[in-house]
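Colleague: There's a structure below that I have some questions on.
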């Protein structure tokens, strides 16, 4: 059975707290796992969350600030220690190649797994086709930062009552899907478009065109909300978003489920983030992320 869920490994921003580890997130997409922004302590959080090194097929780094990347060294070494049987691909800003190299070779270990380096140099697709397209968009932060978006290709939902009306059943259904027409009956006459699911991961950034492009039409949007609205100037100065800004982005983009994360340690009440996102007019599903939470992608409409 396929599983599509978002596993939260850490939700703190610059400074971890007693209850929040540095960043770390795993997207389970059917049989594949994409690890985003493994901050310090990610390897231990994986253990607590039931995430194994074998679950990782891709690693996506938004930028090379420590709370988003210091755990990379341990994760890479664990992948090799556990002899993960498949290649692992790493995406990260090309401008941070020296940081990636340092983290990859931070200490001595035996390399047993093929780690493919595919740095990101600008906007555009990184992976295209089935089962998804993965693309990157430039964000606005003091160091170069990219957000990531995963889009499933649209499919077809066959409509049994219309198939029956046209006498199409059994192997003929597969033939119609394959050829697009069967005995004068077109695919459009007996089916409807099944919209592919969409996911986006937006970390440290001010408001910018990349944020809107990543969020557009997402079923699940994971986005930083480091500050509350009363500290909007502070957020802008340091290249971050507020909870209200995140809520407006999700509202305007038609997001179905919004996940807020990357919280400053200055705020003791997480519920404030949800209240401000709602006050901004977002009415969809809303989660204020907590460490070790599991958030399923919304069911198809």
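Numbering (the working numbering), first residue to last: 21 to 321.
Beta carbons: idealized from backbone N, C-alpha and C, even for Gly.
Considering only their Cβ atoms, is the gap separating residue 140 from residue 182 smaller than 7 Å?
Modeller: Taking the chain shown and counting its residues from 1, the one referred to as residue 182 is at position 162. Taking the chain shown and counting its residues from 1, the one referred to as residue 140 is at position 120. The answer is no: Cβ separation not under 7 Å.
Colleague: How long is the line joining the alpha carbons of residue 39 and residue 311, rounded to whole angstroms?
Modeller: Position 19 of the chain shown, counting from 1, holds the residue named residue 39. Position 291 of the chain shown, counting from 1, holds the residue named residue 311. Whole-angstrom Cα-Cα distance: 8 Å.
Colleague: Between residue 45 and residue 242, how many whole angstroms is the CB-CB distance? I'm expecting something under 8 Å.
Modeller: In the chain shown, counting from the first residue as 1, residue 45 sits at position 25. In the chain shown, counting from the first residue as 1, residue 242 sits at position 222. Contact holds; Cβ gap of about 7 Å.
Colleague: Quick one: what does DSSP say residue 261 is sitting in, helix, strand or coil?
Modeller: Reading the chain shown from its first residue, position 241 is the one you call residue 261. Reduced to three states, the DSSP call for residue 261 is coil.
Colleague: Measure the alpha-carbon distance for residue 175 versus residue 215 and round it to whole angstroms.
Modeller: Position 155 of the chain shown, counted from the first residue, corresponds to residue 175. Position 195 of the chain shown, counted from the first residue, corresponds to residue 215. Their Cα atoms are separated by approximately 6 Å.
Colleague: So, is residue 132 buried or exposed, given that buried needs 16 or more other C-beta atoms within 10 angstroms?
Modeller: Taking the chain shown and counting its residues from 1, one reaches residue 132 at position 112. By the 10 Å Cβ count, residue 132 comes out exposed.
Colleague: Using only CA atoms, which one of 298, 151 and 287 lies nearest to residue 272?
Modeller: For the purposes of this step, residue 272 is identified with residue 252 of the chain shown, where counting begins at 1. If we check each option's Cα against that of residue 272, 298 comes out closest.
Colleague: Let me know the secondary structure DSSP gives residue 245 once reduced to three states.
Modeller: For the purposes of this step, residue 245 is taken as the residue at position 225 of the chain shown. Three-state result, residue 245: coil.
Colleague: Who are the near neighbours of residue 293 in its chain, counting only those whose CB is closer than 6 Å to its CB and skipping five residues on each side?
Modeller: The residue labelled residue 293 in the question sits at position 273 within the chain shown. Here the set comprises 245, 263, 280 and 308.
Colleague: Around the Cβ of residue 117, are there at least 16 other Cβ atoms within 10 angstroms (buried) or fewer (exposed)?
Modeller: Along the chain shown, one-based indexing puts residue 117 at 97. So residue 117 counts as exposed.
Colleague: At what residues does the beta strand (DSSP E) containing residue 178 begin and finish?
Modeller: As a first step, residue 178 is located in the chain shown; it is residue number 158 there, counting from the start. Segment 175-178, the beta strand (DSSP E) holding residue 178.
Colleague: Strictly by DSSP, which residues pair up with residue 327?
Modeller: A query on residue 327 cannot be resolved here, the shown segment of the chain reaching from 21 to 321 and no further.
Colleague: How is the beta strand (DSSP E) around residue 67 delimited, first residue to last?
Modeller: Counting from one through the chain shown, the residue named residue 67 turns up at place 47. Counting along the chain, residue 67 falls outside any beta strand (DSSP E), though it belongs to the alpha helix (DSSP H) covering 62-69.
Colleague: Have a look at 302, 228, 306 and 52 and flag the residue whose alpha-carbon is nearest the alpha-carbon of residue 165.
Modeller: As a first step, residue 165 is located in the chain shown; it is residue number 145 there, counting from the start. Nearest C-alpha to residue 165: 228.
Colleague: Tell me the start and end of each unbroken beta strand (DSSP E) in the stretch 70-123 that is at least 3 residues and wholly inside, in chain order.
Modeller: The qualifying runs are 78-80 and 108-111.
Colleague: Classify residue 250 as helix, strand or coil using the three-state DSSP reduction.
Modeller: Taking the chain shown and counting its residues from 1, one reaches residue 250 at position 230. Helix.
Colleague: Can you tell me where the alpha helix (DSSP H) holding residue 210 begins and where it ends?
Modeller: The sequence position of residue 210 within the chain shown is 190, counting from 1. Counting along the chain, the alpha helix (DSSP H) containing residue 210 begins and ends at 207-210.
Colleague: So, are the CB atoms of residue 30 and residue 43 less than 7 Å apart?
Modeller: On the chain shown, residue 30 is found 10 positions in, with the first residue counted as 1. On the chain shown, residue 43 is found 23 positions in, with the first residue counted as 1. Against a cut-off of 7 Å, the Cβ pair of residue 43 and residue 30 comes out as a contact.
Colleague: What residue range is occupied by the uninterrupted alpha helix (DSSP H) comprising residue 199?
Modeller: Along the chain shown, one-based indexing puts residue 199 at 179. Here the alpha helix (DSSP H) through residue 199 covers 191-199.
Colleague: What residue range does the beta strand (DSSP E) around residue 308 cover?
Modeller: Here residue 308 is taken as the residue at index 288 of the chain shown, counted from 1. Per DSSP, residue 308 belongs to the beta strand (DSSP E) from 305-308.
Colleague: Would you mind sorting residue 125 into buried or exposed? The rule is 16 or more other CB atoms within 10 Å of its CB.
Modeller: The residue labelled residue 125 in the question sits at position 105 within the chain shown. Flag for residue 125 reads exposed.
Colleague: Around the C-beta of residue 158, are 16 or more other C-beta atoms found within 10 angstroms, so that it is buried, or is it exposed?
Modeller: Mapped onto the chain shown, residue 158 falls at position 138. Its Cβ being crowded by 16 or more others within 10 Å, residue 158 is buried.
Colleague: Taking C-alpha atoms, which residue in 202, 296 and 278 lies nearest to residue 251?
Modeller: Position 231 of the chain shown, counted from the first residue, corresponds to residue 251. Ranking the options by Cα distance to residue 251, first place goes to 296.
Colleague: On the three-state DSSP scale, how would you describe residue 155?
Modeller: In the chain shown, counting from the first residue as 1, residue 155 sits at position 135. If DSSP states are grouped into helix, strand and coil, residue 155 belongs with the strands.
Colleague: Given this structure, state the Cα-to-Cα distance separating residue 134 from residue 114, to the nearest angstrom.
Modeller: As a first step, residue 134 must be located in the chain shown, where it is residue number 114. As a first step, residue 114 must be located in the chain shown, where it is residue number 94. In a straight line, the C-alpha of residue 134 is about 19 Å away from that of residue 114.
Colleague: Between which two residues does the alpha helix (DSSP H) harbouring residue 231 extend?
Modeller: Here residue 231 corresponds to residue number 211 of the chain shown, with the count starting at 1. Element bounds for residue 231: 229-235.
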